[in-house]
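Notes to accompany the following structure.
Residue numbers (this note's numbering), protein chains in the order written: chain V, 35 to 148; chain U, 5 to 118.
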């Protein structure tokens with residue numbers, strides 16, 4: 035039973051354009067959502083997060099949108115740069131602080147083309 | 005600066021061997037985690053620990069055990085390695101401070117079981 039779903043295994047975007055990565059969840063108890071970025075042979079690094087009481091959070095080129103009624107969130111990267119090519123994981127938490135671990139999606143491989 | 009280190013980046017073992025994967029964090033974090041990452045499956049939680057001597061099963065604990073004798077060190081043990089345990093293993097720690105729930109990951113250990 036997959037509680038966090040990233041339905042696009044890969045996404046190809048031209049440099050300078052907008053990248054939109056999508057994530058759906060089924061567990062209504064999730065109260066915090068995070069995006070991680072992972073390069074090959076490295077551990078994931080935290081990118082941006084959003085609390086369930088908000089619908090948008092922005093950090094530089096990265097914006098995360100949350101639609102609670104649809105149980106959907108998305109990560110927007112504008113403008114996309116070659117260094118953004120990586121696997122992006124959506125993650126969710128319902129343990130009040132991540133102490134019980136996060137639930138991850140399967141990841142989306144973003145490829146930025148020159 | 006946040007730092008989680010793992011004892012080996014690459015490891016090759018034979019079926020039936022006992023395998024130890026070591027993780028050390030220098031942030032005085034109470035919570036530590038072991039995940040495995042497989043293509044098309046994302047990150048899955050194996051075990052986690054709230055404190056020294058404490059351990060909790062994650063989503064896929066079968067075939068694994070853990071040890072936390074000191075706060076900074078969390079070990080993952082494969083009692084009798086099998087080929088289906090070939091994977092990337094990621095250790096993470098989380099202090100719970102601040103408003104972010106992000107977990108800090110180590111660089112990963114790529115384990116191959118022959």
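Where a beta carbon is used, it is the ideal one built from N, C-alpha and C, also for glycine.
Quantities reported herein were computed from a predicted structural model and do not represent experimental measurements.
Quiz item: Just how far apart, CA to CA, sit residue 59 of chain U and residue 140 of chain V?
Solution: 25 Å
Quiz item: Using 8 Å as the Cβ pair cut-off and three pairs as the minimum, do the stretch 59-76 of chain U and the stretch 30-44 of chain U touch?
Solution: Because the criterion of three Cβ pairs below 8 Å is met, the stretch 59-76 of chain U and the stretch 30-44 of chain U touch.
Exercise. Would you mind telling me which residues of chain V sit closer than 8 Å to residue 111 of chain U, beta carbon to beta carbon, in chain order?
Key: 75, 76 and 77
Quiz prompt | Segment limits, beta strand (DSSP E) that includes residue 125 of chain V | solution = 120-127
Quiz prompt | Best match in V:77, V:81 and V:126 for proximity to residue 40 of chain V [C-alpha to C-alpha] | solution = V:126
Exercise. Below 7 Å between beta carbons is the criterion; list the residues of the stretch 56-68 of chain U that meet it against any residue of chain V, in chain order.
Key: Residues of the stretch 56-68 of chain U with a C-beta less than 7 Å from any C-beta of chain V: 62, listed in chain order.
Quiz item: How would you label residue 20 of chain U, buried or exposed, when you count the other beta carbons within 10 angstroms and need 16 or more for buried?
Solution: When all chains shown are included, residue 20 of chain U counts as exposed.
Practice problem: List the residues of chain V that residue 54 of chain U touches, going by C-beta distances under 8 Å, in chain order. | Solution: 133
Quiz item: Does the separation of the CB atoms of residue 121 of chain V and residue 143 of chain V fall below 8 Å?
Solution: yes
Exercise. State yes or no: is the C-beta of residue 80 of chain U within less than 8 Å of the C-beta of residue 70 of chain U?
Key: Yes, the Cβ-Cβ distance between residue 80 of chain U and residue 70 of chain U is below 8 Å.
Quiz prompt | 8 Å Cβ cutoff, residue 45 of chain U in contact with chain A | solution = The question asks about chain A, but that chain is absent: this structure's protein chains are V and U.
Quiz item: Does the beta carbon of residue 136 of chain V come closer than 8 Å to any beta carbon on chain U?
Solution: yes
Quiz item: By Cβ distance, which residues of its chain are closer than 6 Å to residue 67 of chain V, with the 5 residues on each side in sequence left out?
Solution: By the criterion of a C-beta distance shorter than 6 Å, residue 67 of chain V is surrounded in its chain by 84, 107 and 126, once the five residues flanking it on both sides are discounted.
Exercise. Using the DSSP secondary-structure output, state which residues sit across from residue 92 of chain V in a beta bridge.
Key: DSSP lists V:97 as partners of residue 92 of chain V.
Quiz item: Within the 8 Å Cβ cut-off, does residue 83 of chain V reach chain U?
Solution: yes
Self-check item: Own chain partners of residue 136 of chain V with C-beta closer than 6 Å, once the 5 adjacent residues on each side are dropped
Solution: 125 and 127
Exercise. Output, in chain order, the set of chain V residues within a Cβ distance shorter than 8 Å of residue 94 of chain U.
Key: Near residue 94 of chain U (Cβ distances below 8 Å), the residues of chain V are 77 and 78.
Quiz item: What span of residues does the beta strand (DSSP E) with residue 11 of chain U cover, start to end?
Solution: From DSSP, residue 11 of chain U is part of no beta strand (DSSP E); its letter is neither H nor E.
Self-check item: residue 14 of chain U classed as buried or exposed, judged by whether at least 16 other C-beta atoms fall within 10 angstroms
Solution: The residue in question, residue 14 of chain U, is exposed, as its Cβ has fewer than 16 Cβ neighbours within 10 Å.
Exercise. Determine, using beta carbons only, whether residue 102 of chain V comes closer than 8 Å to chain U.
Key: By this cut-off, residue 102 of chain V is not an interface position.
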